[in-house]
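Here's the structure, in structure tokens; my notes come after.
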Amino acid sequence: MHVDSPSAISLEAVADESAVGQALHAVIAWAHANGIDAEAALRKEALRVSNQIRSKTQS
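This is the structure in structure tokens:
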């Protein structure tokens with residue numbers, strides 16, 4: 358089934374709930390189109406950032 362998704366987002370636009378939802382939809386569609394699990398990618402990035410913060414606070 359095809360569902361329309363935003364083809365582009367603007368980081369300069371007003372950040373309201375609708376705009377953020379559309380941006381997230383576009384990123385998830387982009388990931389899906391490239392065979393990437395968007396949730397797994399986000400978890401991996403969150404772990405990377407967490408480890409980076411942890412290493413800087415322990416220095």
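Residue numbers (the numbering used here): 358 to 416.
Note that CB positions come from ideal geometry on N, CA and C, so glycine has one too.
All values derive from a computational prediction rather than experimental measurement.
How many Å lie between Ser362 and Ile410 at the Cα?
Residue numbering aside, residue 362 sits at position 5 when the sequence shown is read from its first letter. Residue numbering aside, residue 410 sits at position 53 when the sequence shown is read from its first letter. Using only the alpha carbons, I get a separation of about 34 Å.
Assign His389 to one of three DSSP states: helix, strand, or coil.
Residue numbering aside, residue 389 sits at position 32 when the sequence shown is read from its first letter. Helix.
Note down, in chain order, each residue of its chain lying with its Cβ closer than 7 Å to the Cβ of Val384, except the 5 sequence neighbours on either side.
As a first step, residue 384 is located in the sequence shown; it is residue number 27 there, counting from the start. Closer than 7 Å at the Cβ level, and outside the excluded window around Val384, lie Ala395.
If you check the beta carbons only, do Ile366 and Ala388 fall under 7 Å apart?
In the sequence shown, the residue the question calls residue 366 occupies position 9. In the sequence shown, the residue the question calls residue 388 occupies position 31. Going by C-beta atoms, Ile366 is not nearer than 7 Å to Ala388.
To the nearest angstrom, report how far apart Thr414 and Leu399 are at their CA atoms.
In the sequence shown, residue 414 corresponds to position 57, counting from 1. In the sequence shown, residue 399 corresponds to position 42, counting from 1. Taking the straight line from one Cα to the other gives about 22 Å.
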